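Below is one structure, written out as structure tokens; the observations come after it.
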Amino acid sequence: MIRYNLKYQLFFSLLILLNTNSVIGQQSIPQTASLKSIFKKDFLIGAALNTKQIEDKDPKSAVLIPQQFSAITPENCMKAEVIHPTWDMYNFDLADKIVAYGQKHHIKVNGHTLIWHSQLPAFVRNMQNADSVKQFFNNHINTVASRYDGKIFSWDVVNEALEEDGTLRKSIYSQKLGENYIVEAFRLAQAASPKSELYYNDYNIEQPTKRAGAIALIKKIQAAGVRIDGVGIQGHWRVNHIPFKDIEESIIAFAALGVKVMFTELDLGVLSNPWDKDAADVSQTAQYSEKMNPYPNGLPDSVQTQLANNYEELFKLFLKHKDKISRVTFWGVSDGQSWLNGWPIRGRTNYPLLFDRNFDPKPAFYKIVALKQKD
Ligand code: XIL
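Numbered by this note's numbering, the letters in the sequence shown go through residues 17 to 391 in order.
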């Protein structure tokens, strides 16, 4: 471990020498290798941004994000409950800011998300009348998507519409609007934002049964003559449980449909899941216990190494299929901000990303960078 660190530290000290240091207030963050430059010819490298980061109120993020990432996704601020809180009121404050952030730093913005059953405003959650749901659906897509046409690179038009068995999820949309609502969402988004790429996004669609459902869905949209440009596999996985074979088969199968393949919410949790399963259903939560939070004061080297090795394997696979993959986005920048500290159990300490709580690169970062040095 020590020798490994030494080798990489020497290598990166050299890189640091080639760069100037950035000074933020009194603090100085050494510049290190840049993911977005290293993978420039392969795929975009993205991160989900929270409010502080969008508002440039977090000094370390303010340096790291433009340095490392070529794509950004708002973690929450474009979801319906934030952007459209009541019938006739929209709140574009933060959404406008992330779009401006992208323009300022030449970073592509992926809108997340137009249609999702979760994080809906209260007035929609309680809707009984199908016509009201339809009206909300039309107004929401038209208003939000058209505002950012030409300014936003892409939209997750529909998020998480499938059950684990590949059938359509029972949601307010499928129940009130019928099973064609997904095609309609893409049709409306295409009309409202003709310059943006349009994607379907979901978790576990690398798994064969759910993948088959996603393939059928994409074919249905295409058969209706409606545009779909890409599919996002979220990628909320756990260390030592990465479904490599399913992931590779999915990249190949989705690309064969003529759509771009993306990994849109990548994080590799190191904590056990209370149900020992891999899903990212935000509504599933469990009680805290100390047993479920084994690393409150730091990650043991052994787990750190496993995390680094898993990330290395994953990026080897991504590079092998770089002709089919257009973007790899992490769900957050640094471990401290990760949603996995709060889901599915509140108050845990997780370590799923490439930058630690101090925004320093972790061994996983160096492993990924080193892959390109061998290229
Ligand atoms: C998560 C956010 O990270 C949290 O801050 C929020 O409380 C819940 O949603 N799949 C998605 C994302 O598509 O929008 C979710 O983001 C994580 C799972």
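Built from N, CA and C at the ideal position, the CB exists for glycine as well. Just so it is clear, the structure is predicted and the values come from calculations on it, not from any experiment.
Using C-beta distances below 7 Å, list every residue in its chain close to residue i, excluding the 5 sequence neighbours before and after it, in chain order.
i    : result
W103 : F139
T10  : As displayed, the chain neither begins before 17 nor continues past 391, which places residue 10 out of reach and without an answer.
Helix, strand or coil, according to DSSP, for residue i in the structure here?
i    : result
E328 : helix
W355 : helix
V160 : helix
T301 : coil
M94  : coil
H121 : helix
P377 : strand
Y15  : Past the edges of the chain, shown from 17 to 391, lies residue 15, and the structure says nothing about it.
N175 : strand
D181 : coil
S350 : strand
E281 : strand
L130 : strand
G314 : coil
A240 : coil
T321 : helix
D245 : coil
Taking its Cβ as the centre, do 16 or more other Cβ atoms sit within 10 Å of residue i, making it buried, or is it exposed?
i    : result
T301 : exposed
K6   : The requested residue 6 is not part of the displayed model; the chain covers only 17 to 391.
P379 : buried
W355 : buried
Q223 : buried
H122 : exposed
Y219 : buried
E281 : buried
Alpha carbon to alpha carbon, how far is residue j from residue i? Give it in angstroms, no decimals.
i    : j    : result
I384 : Q151 : 46 Å
Q320 : D297 : 26 Å
D262 : I268 : 10 Å
P210 : I244 : 11 Å
K226 : T183 : 8 Å
F270 : I249 : 10 Å
N325 : D339 : 23 Å
F381 : L387 : 10 Å
W291 : Y304 : 13 Å
T345 : K167 : 19 Å
E329 : E264 : 12 Å
Between residue i and the rest of its own chain, which residues show a CB-CB distance below 6 Å, the 5 nearest in sequence each way excluded?
i    : result
P360 : Q300, T301, A302
A228 : G182
For residue i, which residues in the same chain have their Cβ closer than 8 Å to its Cβ, ignoring the five residues on either side in sequence?
i    : result
A205 : L130, I157, A161, W171, V173, S212, L214
V149 : V140, M143, I188, Y189, K192, L193
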